[in-house]
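Chains as they are written, first to last, in numbering that gives the first Met the number 0: chain A, 0 to 252; chain B, 0 to 133; chain C, 0 to 584. Heads up, the thing below is written out as structure tokens.
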Amino acid sequence: MTGDRLSALQVELEILRYNPETDTEPRFQRYSVPCKNEWCILDALNYLKDHLDPTLAFRWSCHMQVCGSCGMMINGEPKLACKAFVRDYTGVIRVEPLAHFPIERDLVSVADDFMDKLKRVKPYLIPAKKRSIEEGEYRQTPAQLTRYRKYSMCINCMLCYAACPEYGLTKSKFIGPAAITLAHRYNQDSRDDGRDERQEEIATNEGVWECTFVGACSDVCPKHVDPASALQQVKIASTVDWYLEHFMSWVKK
Amino acid sequence: MGEKMSRRPYVQELSRTTWYFKQPRYMRYMAREVTCIFIGAYTLILLVALLRLSQGQAQYEGFLAALQQPGSIVFHVVALGFSLYNTFTWFNVAPKALPIQIGEEIWPDSVVAIAHYVVWVVLSLVILFWAGVI
Amino acid sequence: METIKTDVAIIGAGGAGLRAAIALAEADPKLRIALISKVYPMRSHTCAAEGGAAGVVKPDDSFEQHFHDTVGGGDWLCDQDAVEYFIHEAPKELMQLEHWGCPWNREVDGSVAVRPFGGMKIQRTWFAADKSGFHILHTLFQTSLQFPNIQRFDEYFATDLLVDDGRCQGLTAIEIRSGQMRHFQAGAVIIAGGGASRMFPFNTNGAIKTGDGMAMAYRAGAPLKDMEFVQYHPTGLPNTGTLLTEACRGEGGVLLNKDGYRFLQDYGMGPETPLGKPELKTMELGPRDRVSQSIWHEIQKGRSVKTAWGDCVWLDMRHLGEKKINERLPFVRDISISYLGVDPVTDMVPIRPVVHYMMGGIHTDIKAATPLPGLFAAGECACVSINGANRLGSNSLVEILVFGHKAAHSALEYVRSAGPGNEAALAAQAEAAQAKLRALFLRNTGKESIAGLRKEMTDTMEEGAGIYRTQEGLEKTCNKIAELRRRYGDVALHDKTNVYNTDLLSALELGSMLDCAEAVAVGARERKESRGAHQRLDFSARDDSKYLKHSMAYYNGLEPPRIDYRDVVITTSPPGVRDYSGAKK
Numbered sequence: 000m001t002g003d004r005l006s007a008l009q010v011e012l013e014i015l016r017y018n019p020e021t022d023t024e025p026r027f028q029r030y031s032v033p034c035k036n037e038w039c040i041l042d043a044l045n046y047l048k049d050h051l052d053p054t055l056a057f058r059w060s061c062h063m064q065v066c067g068s069c070g071m072m073i074n075g076e077p078k079l080a081c082k083a084f085v086r087d088y089t090g091v092i093r094v095e096p097l098a099h100f101p102i103e104r105d106l107v108s109v110a111d112d113f114m115d116k117l118k119r120v121k122p123y124l125i126p127a128k129k130r131s132i133e134e135g136e137y138r139q140t141p142a143q144l145t146r147y148r149k150y151s152m153c154i155n156c157m158l159c160y161a162a163c164p165e166y167g168l169t170k171s172k173f174i175g176p177a178a179i180t181l182a183h184r185y186n187q188d189s190r191d192d193g194r195d196e197r198q199e200e201i202a203t204n205e206g207v208w209e210c211t212f213v214g215a216c217s218d219v220c221p222k223h224v225d226p227a228s229a230l231q232q233v234k235i236a237s238t239v240d241w242y243l244e245h246f247m248s249w250v251k252k
Numbered sequence: 000m001g002e003k004m005s006r007r008p009y010v011q012e013l014s015r016t017t018w019y020f021k022q023p024r025y026m027r028y029m030a031r032e033v034t035c036i037f038i039g040a041y042t043l044i045l046l047v048a049l050l051r052l053s054q055g056q057a058q059y060e061g062f063l064a065a066l067q068q069p070g071s072i073v074f075h076v077v078a079l080g081f082s083l084y085n086t087f088t089w090f091n092v093a094p095k096a097l098p099i100q101i102g103e104e105i106w107p108d109s110v111v112a113i114a115h116y117v118v119w120v121v122l123s124l125v126i127l128f129w130a131g132v133i
Numbered sequence: 000m001e002t003i004k005t006d007v008a009i010i011g012a013g014g015a016g017l018r019a020a021i022a023l024a025e026a027d028p029k030l031r032i033a034l035i036s037k038v039y040p041m042r043s044h045t046c047a048a049e050g051g052a053a054g055v056v057k058p059d060d061s062f063e064q065h066f067h068d069t070v071g072g073g074d075w076l077c078d079q080d081a082v083e084y085f086i087h088e089a090p091k092e093l094m095q096l097e098h099w100g101c102p103w104n105r106e107v108d109g110s111v112a113v114r115p116f117g118g119m120k121i122q123r124t125w126f127a128a129d130k131s132g133f134h135i136l137h138t139l140f141q142t143s144l145q146f147p148n149i150q151r152f153d154e155y156f157a158t159d160l161l162v163d164d165g166r167c168q169g170l171t172a173i174e175i176r177s178g179q180m181r182h183f184q185a186g187a188v189i190i191a192g193g194g195a196s197r198m199f200p201f202n203t204n205g206a207i208k209t210g211d212g213m214a215m216a217y218r219a220g221a222p223l224k225d226m227e228f229v230q231y232h233p234t235g236l237p238n239t240g241t242l243l244t245e246a247c248r249g250e251g252g253v254l255l256n257k258d259g260y261r262f263l264q265d266y267g268m269g270p271e272t273p274l275g276k277p278e279l280k281t282m283e284l285g286p287r288d289r290v291s292q293s294i295w296h297e298i299q300k301g302r303s304v305k306t307a308w309g310d311c312v313w314l315d316m317r318h319l320g321e322k323k324i325n326e327r328l329p330f331v332r333d334i335s336i337s338y339l340g341v342d343p344v345t346d347m348v349p350i351r352p353v354v355h356y357m358m359g360g361i362h363t364d365i366k367a368a369t370p371l372p373g374l375f376a377a378g379e380c381a382c383v384s385i386n387g388a389n390r391l392g393s394n395s396l397v398e399i400l401v402f403g404h405k406a407a408h409s410a411l412e413y414v415r416s417a418g419p420g421n422e423a424a425l426a427a428q429a430e431a432a433q434a435k436l437r438a439l440f441l442r443n444t445g446k447e448s449i450a451g452l453r454k455e456m457t458d459t460m461e462e463g464a465g466i467y468r469t470q471e472g473l474e475k476t477c478n479k480i481a482e483l484r485r486r487y488g489d490v491a492l493h494d495k496t497n498v499y500n501t502d503l504l505s506a507l508e509l510g511s512m513l514d515c516a517e518a519v520a521v522g523a524r525e526r527k528e529s530r531g532a533h534q535r536l537d538f539s540a541r542d543d544s545k546y547l548k549h550s551m552a553y554y555n556g557l558e559p560p561r562i563d564y565r566d567v568v569i570t571t572s573p574p575g576v577r578d579y580s581g582a583k584k
């Protein structure tokens with residue numbers, strides 16, 4: 000609880016800069032930032048912006064790993080800048096905007112595609128029968144809650160899209176890990192009856208069948224949501240659907 | 000605050016031919032995928048064996064002799080290694096596809112993975128026993 | 000300049016803004032709703048709330064109990080008619096969220112579970128592990144996606160309200176990605192822009208909590224109410240200020256001084272309760288203002304724990320055990336390890352009080368309407384006066400729902416009766432707002448740095464308007480803020496490009512914070528009593544004869560605000576003594 004956590008160290012940051020008005024293409028810029036040992040990369044960026052270069056653009060807000068704003072590539076790995084600590088790196092730290100997304104400016108990515116995909120998978124409860132407030136809550140046991148809780152923890156930080164080569168290779172046609180996981184979250188919810196509607200979006204070539212189970216999404220997820228697991232479960236369930244439909248059509252789903 | 004539109008998002012392309020060199024985990028993924036070729040090769044050899052068997056004893060013994068050539072042995076050792084790698088990597092990710100929840104508890108991934116290994120070993124023993132090896 | 004015509008414009012897409020948008024969309028599918036936010040909705044600071052949301056739902060609880068806990072907790076500065084409305088609507092709103100899919104924790108029988116919380120006499124806090132705000136925000140955001148008439152304007156920074164003919168009829172906003180100004184012409188405007196605690200150096204708030212909504216309304220003529228009441232949360236991590244939820248204590252965590260003594264019993268919150276068996280509304284489950292103030296006193300007496308980040312006390316959760324911590328407080332464990340390197344399962348966590356919430360805000364009536372016709376406000380940026388002088392933990396997540404919903408209905412009613420606006424006059428105002436920004440761009444000089452002014456502001460706020468205040472300190476702070484507001488006129492912009500210019504946004508946010516900070520400091524200087532979160536060393540008692548009133552700060556250009564007072568609405572609970580001792584139970 001004493002001195003050495005506060006000891007200073009000089010950190011070399013190599014940051015991808017891109018301003019569409021002054022740069023034809025992105026370039027790297029080196030900064031030497033005095034940091035405290037306990038700082039995360041976000042603290043270093045804030046120091047840099049306040050004291051060295053106010054023109055650097057990046058998103059951030061909560062500084063507690065929950066708002067999902069500060070996703071970026073740190074030494075080639077998708078990370079939350081508030082969850083990557085300078086003490087864990089040696090040498091020059093390379094900071095770039097999230098891979099696979101268009102760069103708006105500096106470390107700011109264009110998130111339109113991601114936002115469209117979230118909407119596309121119908122991530123809201125579609126109950127069989129709507130309840131009135133007076134009828135009280137849908138009963139849901141702790142075990143039923145456990146079935147989907149993990150998949151409800153996604154903070155939409157987009158790190159999984161930056162990690163997923165399929166998303167990059169398909170030029171963002173793939174609906175992608177977070178959005179499909181969110182669909183799965185509602186499909187797994189005992190209160191929901193909207194799976195058929197969501198399957199039309201996610202059990203498709205641009206949906207779950209684009210996934211080749213690289214597993215990078217789960218590796219980088221800062222909230223341990225495990226999108227790779229959700230996607231494989233969707234694949235299995237969709238396969239079962241197909242067999243039921245084509246070979247056992249007398250069995251009701 | 001100018002009226003002109005200054006946006007010009009820079010599109011980051013992922014190379015279709017070299018992307019898997021970008022991250023070690025992509026390389027590992029490719030290794031897992033590529034090694035399935037050796038599983039496929041095994042299957043082909045098995046089919047050839049069946050074909051030869053159907054053609055008569057002489058042909059089948061010729062096939063068995065070919066298996067004992069040094070080149071064949073080297074291939075089998077290499078193929079065994081890659082097949083084991085493929086098997087291990089798939090068993091290790093299997094829990095993601097088949098999570099097991101009992102009541103409120105979700106079983107640890109290791110339990111599901113170990114179950115796969117146990118089934119694998121038991122099946123192998125049954126086959127070896129059936130084949131008269133043990 | 001592009002003009003966007005809409006029926007209701009909502010500024011801010013956190014919990015209150017989203018709730019308002021959904022209520023409007025449900026009420027009328029033809030209504031055009033513009034949801035404008037400087038960040039994507041999921042980034043709004045609602046996501047950081049951890050503990051939970053209070054609503055009477057269990058048979059052992061009653062509206063009356065929730066009413067008395069809230070009014071007493073607020074040191075009788077709450078408007079009691081607003082509190083009554085609030086507590087009755089609370090369970091309905093929480094139930095509505097359940098119907099929209101919020102993953103509330105459950106009892107074994109499948110009903111919603113509740114947990115104990117500070118200042119509440121009965122367990123009534125609905126929770127989703129220690130990520131309640133996160134789940135509320137995402138449930139609302141995801142639910143909002145099914146309504147085609149909610150048109151979102153993500154990453155648009157609202158700059159000015161447009162007021163013509165004595166009513167608010169729209170706003171201007173910068174589309175951040177292009178740097179282009181947009182004119183929103185609206186039948187009514189709802190501000191749901193959040194708080195302003197970033198005016199303090201040590202706070203739990205996200206970078207976006209700069210009081211832009213409050214300042215915008217204030218500059219347009221709506222008064223800011225009770226701004227001097229700033230809540231300190233007792234348990235922040237000492238280095239980053241990161242919040243460790245009150246649920247740490249609700250679940251049984253205790254506060255210790257350097258001698259391992261549970262010091263709260265020395266400050267009217269005793270006697271000591273058994274370890275791991277927290278009792279409601281006493282000891283560690285006292286209200287936030289009392290607990291924070293006790294820590295301050297303990298530090299003054301030299302019984303604090305010295306750390307590299309200043310004086311702290313211990314938060315001890317070790318006796319809860321790993322299983323319970325993982326189940327109920329997983330996030331707390333995670334962030335304690337990340338930022339401080341301390342695992343609450345095996346070690347005590349050093350904590351200190353940290354600025355957390357603004358009880359004050361844009362004055363609204365019980366219908367969420369401000370005195371400026373056509374302008375409504377809800378959430379932390381508003382002050383409908385349910386929180387009084389000290390908000391109880393888990394009331395704010397409900398406030399955003401109840402009054403977000405109410406603001407929507409009030410705005411809809413207003414829009415249906417209001418006549419058309421004078422488009423030429425509004426366009427001229429929008430042009431003027433743009434010209435003001437252009438001037439900032441075109442100016443070549445500018446001696447003051449944004450970071451420099453911000454540092455001076457946060458330092459003086461902590462020094463003079465912190466947890467304990469004096470006339471002398473407040474006067475110094477008032478003078479300093481007045482000086483900073485003048486110097487702000489000479490602030491330098493280093494970045495003069497259009498696309499995603501965060502230098503410009505920082506400058507605008509600093510302007511908002513300075514305006515709000517002045518309202519806080521002047522309000523505090525004028526309130527010569529101690530009440531709730533406003534504690535004066537020179538006037539240590541509550542003075543109901545003079546100050547059982549709301550302070551109202553009116554914008555006055557570069558001059559300090561004019562402070563006026565307004566009576567508190569008292570219906571059934573006359574001012575009494577706040578008793579958090581456990582003995583009488």
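C-beta: ideal position from N, C-alpha, C; glycine also. Everything numeric in this text was worked out from a predicted model, so none of it was measured.
Residues of chain C with CB under 8 Å from residue i, in chain order?
i, result
"Glu76 of chain A", "Chain C residues near Glu76 of chain A: none, gap ~17 Å exceeds 8 Å."
"Ser5 of chain B", "Ser177, Gly178, Thr496, Asn497, Val498"
"Val107 of chain A", "Tyr499"
Taking Cβ-Cβ distances shorter than 8 Å, what residues in chain A pair up with residue i?
i, result
"Leu98 of chain B", "Checking the sequence shown, residue 98 of chain B turns out to be Pro, not Leu. Here the neighbours are Ser228, Gln232."
"Gly102 of chain B", "Ala142"
"Met41 of chain C", "Cys66, Gly67, Ile154, Asn155"
When you compare only the Cα positions, how much space is there between residue i and residue j?
i, j, result
"Lys584 of chain C", "Arg565 of chain C", "Reliability fails at Lys584 of chain C, whose pLDDT of 47 lies under 50, so the model's placement of it is uncertain and no value is given."
"Ser409 of chain C", "Asp364 of chain C", "11 Å"
"Thr140 of chain A", "Arg146 of chain A", "10 Å"
"Leu13 of chain B", "Asp87 of chain A", "28 Å"
"Ala219 of chain C", "Val162 of chain C", "7 Å"
"Tyr25 of chain B", "Ala215 of chain A", "8 Å"
"Lys495 of chain C", "Phe440 of chain C", "6 Å"
"Pro286 of chain C", "Leu391 of chain C", "7 Å"
"Arg190 of chain A", "Met4 of chain B", "47 Å"
Would residue i and residue j be called neighbours here (beta carbons separated by less than 8 Å)?
i, j, result
"Ile3 of chain C", "Tyr231 of chain C", "no"
"Arg248 of chain C", "Pro277 of chain C", "yes"
"Asp159 of chain C", "Met94 of chain C", "no"
"Ser544 of chain C", "Thr124 of chain C", "no"
"Ile350 of chain C", "Leu236 of chain C", "yes"
"Tyr185 of chain A", "Gly100 of chain C", "yes"
"Ile586 of chain C", "Ala20 of chain C", "Not covered by the structure: residue 586 of chain C. The range shown for chain C is 0 to 584."
"Tyr160 of chain A", "Phe113 of chain A", "yes"
"Ile385 of chain C", "Cys46 of chain C", "no"
"Ala520 of chain C", "Leu371 of chain C", "no"
Using a cut-off of 7 Å between C-beta atoms, extract the partners of residue i located in chain C.
i, result
"Met63 of chain A", "Ala47, Thr241, Ile334"
> What residues in the region 136 to 148 of chain A have a beta carbon less than 8 Å from any beta carbon of chain C?
Replying inline: Glu136, Tyr137, Arg138, Gln139, Thr140, Pro141, Gln143, Leu144, Tyr147, Arg148
> Can you find at least 3 beta carbon pairs, one from the region 204 to 216 of chain C and one from the region 301 to 319 of chain C, that sit closer than 8 Å?
Replying inline: no
> Is the region 29 to 45 of chain A close to the region 81 to 98 of chain A, with three or more CB pairs under 8 Å?
Replying inline: yes
> Going along the chain, which residues of the region 196 to 214 of chain A sit with their C-beta nearer than 9 Å to a C-beta in chain B?
Replying inline: Thr211, Phe212, Val213, Gly214
> Below 8 Å, can you find three or more Cβ-Cβ pairs linking the region 48 to 61 of chain C to the region 394 to 405 of chain C?
Replying inline: yes
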